[in-house]
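Q:
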Amino acid sequence: MIASGFAHDLTVLGSLGAACLLSPEVFLLGLVLAGDDAGAKSKSISYFIGTAAGIAAAMTIGLSISGDGLHLRHHPSWHAFIIRAGLGIALLWVGIERAREYWKQLRGLAPSVEKQAGMLKQALAHWMPVGDNSPLSRGRALWRCFELGAFVGAVNPKRLPICIAAGHQLSATTPAGAQVGGAVIFLVLALAPSFLPAAMAVSGPEAARRLRAKFDAVVERHGLAIVALILVMLGVHFLHTSIGVYPA
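If you're matching positions, the sequence shown starts at 0 in numbering that gives the first Met the number 0 and goes up one per residue.
1) Do VAL151 and LEU15 count as a contact pair if the criterion is CB distance below 8 Å?
2) Report, in whole angstroms, the separation of the C-beta atoms of LEU21 and GLY222, which I expect to be a contact under 8 Å.
3) For SER63, does the count of other Cβ atoms within 10 angstroms reach 16, so buried, or fall short, so exposed?
4) Under 8 Å Cβ to Cβ from ILE88, same chain only, skipping five residues before and after it: list those, please.
5) Following the continuous alpha helix (DSSP H) through SER43, name the residue where it begins and the one where it ends.
6) If we require 4 or more residues per run, which alpha helix (DSSP H) segments fall completely within the region 85-110?
7) In this structure, how does DSSP classify LEU21 when only helix, strand and coil are distinguished?
8) How would you label SER43, buried or exposed, when you count the other beta carbons within 10 angstroms and need 16 or more for buried?
9) Pull up the distance between the alpha-carbon of ALA39 and that of ALA33, whole angstroms please.
10) ARG97: buried (16+ other C-beta within 10 angstroms of its C-beta) or exposed?
11) Helix or strand or just coil, what does DSSP make of ILE1?
12) Quick check on DSSP: helix, strand or coil for ASP8?
13) In terms of residues, what are the limits of the alpha helix (DSSP H) holding ALA149?
14) Beta-carbon within less than 6 Å of ALA57's beta-carbon, same chain only, minus the 5 sequence neighbours each way: which residues are those?
15) Hey, out of ALA52, VAL93 and TRP142, whose CA is closest to PHE194's CA?
16) When the distance is taken between beta carbons, is LEU86 closer than 8 Å to HIS167?
17) According to DSSP, simplified to helix, strand and coil, what is PRO160?
18) Could you spell out the range, first to last residue, of the alpha helix (DSSP H) harbouring SER76?
19) What does the alpha-carbon distance come out to for the pair ALA254 and SER41?
20) Name the two residues that bound the continuous alpha helix (DSSP H) containing GLY180.
21) Leaving aside the five residues before and after PHE5 along the sequence, list all residues of the same chain whose C-beta is less than 7 Å from its C-beta, in chain order.
22) Buried or exposed for TYR245, please, with buried defined as at least 16 other CB atoms from any protein chain shown within 10 angstroms of its CB.
23) May I have the straight-line CA-CA distance separating ARG106 from PRO75, to the nearest angstrom?
24) For ARG83 and ALA189, what's the separation of their Cα atoms in angstroms?
25) For LEU9 versus ILE225, is the C-beta spacing smaller than 8 Å?
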């Protein structure tokens with residue numbers, strides 16, 4: 000039997016959302032688009048919408064593989080065990096990868112935020128040119144921003160297990176009000192890294208500087224370590240609870 004309870008479910012969903020919030024790549028790419036000289040507002044908004052769509056799709060996968068989440072929670076089966084153990088292993092893997100990135104950062108082996116932003120601009124130069132000289136039509140450029148949001152914000156291997164786990168956790172959350180509350184908590188945290196650059200592009204360069212300063216002060220220094228700790232703990236939690244639904 001998997002641990003249940005309103006507070007427990009909200010804690011798990013909030014922790015999963017925090018892991019998304021502190022993952023730097025979504026925010027960094029949003030900053031690159033928000034700093035584009037041509038159409039920064041529309042590109043950033045399209046990127047945000049793509050991220051939201053990707054997260055919603057990944058959560059839907061988590062909901063669909065769980066079926067009746069309450070039944071899985073209270074009735075041991077191979078189905079329930081494989082889902083919980085698989086998600087636990089995936090979260091552990093992402094947590095270990097984030098810890099490796101943080102270790103490289105401490106040893107000075109990882110590129111700085113400025114270098115990462117420059118690398119992103121260079122990587123985007125051929126696939127989605129930015130600036131006034133871009134050969135892409137406005138509609139095509141916005142569609143590619145949407146695709147970037149969906150992939151980087153949800154479908155990439157370091158975010159997909161988190162979003163699927165959130166959908167799975169929601170499937171077993173009761174009552175309905177708790178499901179809504181848990182979904183809101185997760186989505187607000189998970190969407191913040193793509194929403195803030197969009198809001199920054201709308202607000203102007205002064206807001207961008209303030210937001211960037213806060214990012215450098217918190218996420219650049221401590222974000223990866225916090226994400227690694229959260230995901231390792233969640234991975235262990237999912238693996239531990241999988242024992243409760245093992246069909247002995």
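For each residue, glycine too, the CB sits at the ideal point set by N, CA and C.
A: For this structure:
1) no
2) 4 Å
3) Classification for SER63: exposed.
4) GLY234 and LEU238
5) 39-65
6) none
7) LEU21: coil per DSSP, three-state reduction.
8) buried
9) 5 Å
10) In the assembly as shown, ARG97 is a buried residue. Its beta-carbon has 16 or more other beta-carbons within 10 Å.
11) Residue placement at ILE1 cannot be trusted, given a pLDDT of 48 that sits under 50; the coordinates are not used to answer.
12) helix
13) 137-149
14) ALA153, LEU159, CYS162 and ILE163
15) ALA52
16) yes
17) Per DSSP, reduced to three states, the secondary structure at PRO160 is helical.
18) If you look at SER76, you'll find it isn't in any alpha helix (DSSP H); DSSP assigns it neither H nor E.
19) No answer is possible for residue 254: it lies beyond the span of the chain, which begins at 0 and ends at 247.
20) 175-202
21) ALA177
22) exposed
23) 45 Å
24) Cα to Cα, ARG83 sits roughly 21 Å from ALA189.
25) no
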